[in-house]
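These notes concern the structure reproduced below.
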Amino acid sequence: MSRMFALAVAVVAGLAVAVAARADEEKIPLDKLPKAVVDAVKAKFPKAEMKSAEKETEKGKTVYEVAIADGDAKIEVTVTPEGKIVAAEKEIKLADLPKPVAAALDKAYPKAEIKKVEEITKDDKVTYEVLLVSADKKKLEVVFDKDGKVIETEDKSKEKEGK
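Letter by letter, the sequence shown follows residues -23 to -1, 1 to 140 in mature numbering (1 follows the signal peptide of the UniProt record, and there is no 0).
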């Protein structure tokens, strides 16, 4: 019976860790966002419609991620509680990649299936993040600078769909 008890304790502990890992991210109703966050998003994207928001705490710092729709564009804006925009991730079409980035992507992954393309602005620096499935069936996230240089490649093969 002690083995069953040990197994039960291990399962409960594992669930507690999983819940704690997600506890740093919580959905926030739009009407509960700090005024400074709302004002910052509206100032930067005056015609956008706010869709949803999450509050995240990472390394002791709190930020709000606000999902907006600006025309056809889907954008996720990361804002500090004081209203400073830290980053903006905008989903774009493959055809909208700058020519050097598109050429580098085509050269490095000629037979890849492109799943998602984002233009990321962080501290006034623009990068391009491409989620793809390579010819050898690896799911990769590749980050390019504006000149087409690969900054980072991350294997996402083990992650579930939708991430």
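A virtual CB, placed ideally from N, CA and C, is assigned to each residue, including glycine.
All values reported here derive from a predicted model rather than from experimental measurement.
- Inclusion of residue 96 and residue 67 in the CB contact set at 7 Å is warranted, their separation being smaller than that value.
- Closest by C-alpha distance to residue 57, out of 51, 4, 113 and 11, is 11.
- Residue 94 places its beta carbon less than 7 Å from that of residue 71.
- Here DSSP, grouped into helix, strand and coil, assigns residue 112 to coil.
- Note that the C-beta distance between residue 110 and residue 90 is below 7 Å.
- Comparing alpha carbon positions, the residue from 107, 113 and 79 closest to residue 92 is 107.
- Uninterrupted alpha helix (DSSP H) stretches at least 4 residues long and entirely within the stretch 4 to 52 occur at 12 to 21, given in chain order.
- Where residue 99 is concerned, the enclosing beta strand (DSSP E) starts and stops at 90 to 99.
- Under the three-state reduction of DSSP, residue 82 is assigned to helix.
- Under a 10 Å Cβ-count criterion, residue 53 is classified as buried, with 16 or more other Cβ atoms of the shown protein chains found around its own Cβ.
- Minimum Cα-Cα distance from residue 6 among the listed residues 69, 62, 43 and 131 corresponds to 43.
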